[in-house]
Ligand SMILES: *Cc1c(COP(=O)(O)O)cnc(C)c1O
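Residue numbers (our numbering): -11 to 370.
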């Protein structure tokens, strides 16, 4: 079994009991036995989304749910306001275009969060915006966007509010109903700590009204089919789901219920704080503005005088800790520490300690133990 510690923003390590759940034998996906598993898993998903809506599981990675969202509400020429402050914001815009939509891009500086007033300005100026897309936790930059404040604004306009919570759900506050979110999407392999390959989506009544009046541009991800099959007796998915991944998903969500969503989010918040304090004490600069830094991933500027290959390579080869690099123009300039899923104080303290040793070995003049002390203090201060 590979014991590398994954300190990356997905996929995250899954618990042995989740792996074990996947080794159960395959059942008929159109049977009462599977229907019960599907129903339980969907219901737990809705609880985690903090919504009264139905949720749907899709076999596919997080992007499948992003595509399901846009492919069911966008027709040729429809105007969509895409908030873009990183790689995943860009992806939502590209998916919008793929389905014939006409993006109105709100560009946000990478490393910063969107200013909700800029959203209001565009919604006032531009007519007929059918939907607004936002990424809650921009994994590429380590920024958490104010999806609550933006939701309070979008509510005053006749546009659907579509939110990507792929790298935040289960690790940060997401109240689908409370934030006026019309469509929310997520993936299995980030904070939910299930294996990669499952996505989830939830739509409220306003969203379904639009879906019902939209000519869908996707066959596999046609949400009306998911709705119809899901409402059957027993509940089903329209096409064969990954039965094994459904077992894993159910077990991972069971674990979230046992920990309690609130405690889990607190654990993530503390992990972010402990990481940030540790790296700052070592003299690193954060890439994202600290006031908007993410709860689940910390992006850090690569120190001068070391290459990404040396730095992350040493962490990987010598300490068996996997960190993430930068994406696009941030490649080589930024590295990212994921602290999502099952990550606890133990993993954070180990990571900061290995960071210190790596830096020292690579010739940096650092005070050994300073980062670890700051991390320890953070954990002991609560
Ligand atoms: C990981 C991620 C996705 C989905 O990526 P997949 O590789 O398709 O699972 C989407 N949005 C964000 C913010 C992500 O972090």
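Where is the CB? At the ideal position from N, CA and C, for every residue including glycine.
Given residue i, which residues of its chain have a CB within under 8 Å of its CB, disregarding the five upstream and five downstream residues?
i	result
residue 204	59, 60, 210, 211 and 212
residue 133	71, 73, 101, 102, 122, 123, 124, 125, 126 and 280
residue 77	70, 71, 96, 121, 122, 123 and 126
Between residue i and residue j, which are expected to be in contact by the criterion C-beta below 8 Å, what is the C-beta distance as a whole number of angstroms?
i	j	result
residue 336	residue 295	Between residue 295 and residue 336 the Cβ distance is about 25 Å, and since that is not below 8 Å, they are no contact.
residue 312	residue 299	Contact flag wrong, Cβ pair sits at about 12 Å.
residue 138	residue 104	5 Å
residue 190	residue 41	5 Å
residue 274	residue 264	7 Å
residue 135	residue 122	6 Å
residue 186	residue 237	5 Å
residue 95	residue 316	About 14 Å; that fails the 8 Å criterion.
residue 162	residue 156	6 Å
residue 119	residue 68	5 Å
Would you say residue i touches ligand 1, meaning its beta carbon is less than 7 Å from a heavy atom?
i	result
residue 154	yes
residue 49	yes
residue 123	yes
residue 356	no
residue 37	no
residue 54	yes
residue 175	yes
residue 84	no
residue 323	no
residue 332	no
residue -2	yes
residue 306	no
residue 178	yes
residue 127	yes
residue 163	no
residue 272	no
So, are the CB atoms of residue i and residue j less than 8 Å apart?
i	j	result
residue 202	residue 63	yes
residue 151	residue 169	yes
residue 431	residue 226	The requested residue 431 does not occur in the structure, where the chain is confined to residues -11 to 370.
residue 165	residue 47	no
residue 25	residue 234	yes
residue 287	residue 0	no
residue 53	residue 174	yes
residue 179	residue 284	yes
residue 206	residue 55	yes
residue 348	residue 354	yes
residue 254	residue 366	no
residue 350	residue 33	no
residue 269	residue 359	yes
residue 111	residue 57	no
residue 328	residue 3	no
residue 45	residue 195	no
residue 276	residue 99	yes
When we look at the beta-carbon of residue i and count the other beta-carbons within 10 Å, is it buried (16 or more) or exposed?
i	result
residue 239	buried
residue 79	buried
residue 219	exposed
residue 357	exposed
residue 279	exposed
residue 130	buried
residue 252	buried
residue -7	buried
residue 149	buried
residue 14	exposed
residue 192	buried
Among residues of its own chain, excluding the 5 on either side of residue i, which ones have a beta-carbon nearer than 6 Å to its beta-carbon?
i	result
residue 20	222
residue 65	90
residue 11	none
residue -2	177 and 178
residue 30	43
residue 108	141
residue 23	222 and 223
residue 314	321 and 322
residue 87	58, 59, 62 and 205
In chain order, what residues of the same chain have a beta carbon less than 7 Å from the beta carbon of residue i, not counting five sequence neighbours either side?
i	result
residue 304	310
residue 18	224
Can you determine whether any heavy atom of ligand 2 sits closer than 7 Å to the C-beta of residue i, and answer yes or no?
i	result
residue 275	What this structure holds is ligand 1, not ligand 2.
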